[in-house]
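Below is one structure, written out as structure tokens, with a few remarks after it.
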């Protein structure tokens, strides 16, 4: 028996093997990145609350995202926004967002939590005035390609946009991040419902890596078997 690969098959199979192995390795790297991201978010959520001064002195909102933060200021519920198409426990609804003028004169947007769709015309908002809020730092992110544009004139918001929202409320001087209210922000069974940020991310990279490596192994076996010939054949 002898292994006698043909030139034509080798030219086709070897690059294909390199691509498949490269894809598998890339998924392994993505798996490590995703696991590290989940762990980072978990650790930050469990950390002690930041003061407003600490949050403002951070290098960027991303550097402290998901950290608890404690702030105090005037909640402007008369300028509450409806952040649409949000799900809680499998139910459709929306989030209530309100500007909060802080003691240092800046304004932060506070995502106060979820409310059911049937309250869309009369969004539940806390009383206006001085409040203390413990929530989680969240960074503003660009909307996805398939997300509708915000409709400030109709108070229909599909993604958080600091400049747009503050302009709609006649305010300025934002903080560069927003605060997502935690579950302790409101009394139990009272809308809007705050929650801890979700840290569970879709993580199928291990399955993808196994698939790519498996395809590479199958291709290699087929290549060897096809070119394994008897002596004298």
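Residue numbers (this note's numbering): 37 to 269.
All residues carry an ideal CB built from backbone N, CA and C; glycine is no exception.
By the 10 Å Cβ neighbour count, where 16 or more other Cβ atoms means buried, how is residue i classified, buried or exposed?
i, result
"residue 50", "exposed"
"residue 258", "exposed"
"residue 180", "exposed"
"residue 63", "buried"
"residue 187", "exposed"
"residue 229", "buried"
"residue 213", "buried"
"residue 197", "buried"
"residue 77", "buried"
Within this structure, are the beta carbons of residue i and residue j separated by less than 9 Å?
i, j, result
"residue 52", "residue 242", "no"
"residue 175", "residue 96", "yes"
"residue 202", "residue 166", "no"
"residue 107", "residue 169", "yes"
"residue 61", "residue 234", "no"
"residue 263", "residue 99", "no"
"residue 215", "residue 249", "no"
"residue 113", "residue 210", "no"
"residue 131", "residue 154", "no"
"residue 73", "residue 251", "no"
"residue 109", "residue 92", "no"
"residue 253", "residue 149", "no"
"residue 159", "residue 94", "no"
"residue 70", "residue 237", "yes"
Compute the beta-carbon to beta-carbon distance between residue i and residue j, rounded to the nearest angstrom, for a pair I have assumed lies under 8 Å.
i, j, result
"residue 194", "residue 120", "6 Å"
"residue 105", "residue 134", "Actually they are not in contact, since the Cβ atoms of residue 105 and residue 134 sit about 16 Å apart, beyond 8 Å."
"residue 102", "residue 80", "4 Å"
"residue 164", "residue 129", "In fact, because the Cβ distance is near 22 Å, the residues do not count as touching under 8 Å."
For residue i, does the three-state DSSP call read helix, strand or coil?
i, result
"residue 50", "helix"
"residue 42", "coil"
"residue 134", "strand"
"residue 167", "strand"
"residue 56", "helix"
"residue 139", "coil"
"residue 147", "strand"
"residue 155", "helix"
"residue 123", "strand"
"residue 161", "coil"
"residue 268", "Here the model assigns residue 268 a pLDDT of 49, short of 50, so the residue's position is not dependable, and the following value carries that caveat. Three-state DSSP puts residue 268 in coil, outside helix and strand."
Which parts of the stretch 182–261 are runs of the beta strand (DSSP E), unbroken and 3 residues or longer, counting only runs that do not cross its ends?
Here the runs fully enclosed are 210–217.
Please specify which runs of the beta strand (DSSP E), each continuous and at least 3 residues long, are wholly inside the stretch 77–115, giving them in chain order.
Contiguous beta strand (DSSP E) elements confined to the stretch 77–115 occur at 104–111, taking only those with 3 or more residues.
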